[in-house]
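What follows is one structure encoded as structure tokens, with my remarks underneath.
Numbering (our numbering), first residue to last: 2 to 123.
The structure is reproduced here in structure tokens:
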């Protein structure tokens with residue numbers, strides 16, 4: 002029988018995922034926007050990079066947090082952030098591609114669910 006996934010492993014995976022998404026958004030915003038089916042005009046690229054820096058920074062801070070209370074607080078903030086991202090993606094206007102809405106909502110919801118799992122474990 003396999004062992005259940007430990008919340009620390011999920012927390013670390015979330016942090017690494019945030020760093021990965023963020024670095025991709027900063028380093029290759031055209032690739033990032035293409036994956037999400039978004040128009041890669043200069044305004045969108047700038048905003049993609051801004052999103053990427055905050056996401057990578059949060060992931061890096063989560064990876065380096067040593068105190069359990071700091072890890073929990075960061076997990077709460079990250080989960081709240083991705084929950085809001087889920088709502089923003091899901092309710093994006095008609096000018097946003099369906100692919101962008103669906104993938105933005107799905108990835109944000111997955112990060113939110115994993116974060117919620119971490120927060121419910123003791």
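For glycine and all other residues, C-beta sits at the position ideal for the given N, C-alpha and C.
| Asked | Found |
| --- | --- |
| Cβ neighbour criterion (16 or more within 10 Å) applied to residue 28 | exposed |
| Contact check, residue 46 vs residue 30, beta carbons under 8 angstroms | yes |
| Residues near residue 37 in its chain [Cβ-Cβ closer than 7 angstroms; skip 5 each side] | 100, 101, 104, 105 |
| Local Cβ density within 10 Å of residue 12, reported as buried at 16 or more and exposed below that | buried |
| Where residue 70 sits in the DSSP three-state scheme | helix |
| Within 8 angstroms, strictly: CB atoms of residue 77 and residue 120 | yes |
| First through last residue of the alpha helix (DSSP H) which encompasses residue 166 | What is shown of the chain runs 2 to 123, which leaves residue 166 out entirely. |
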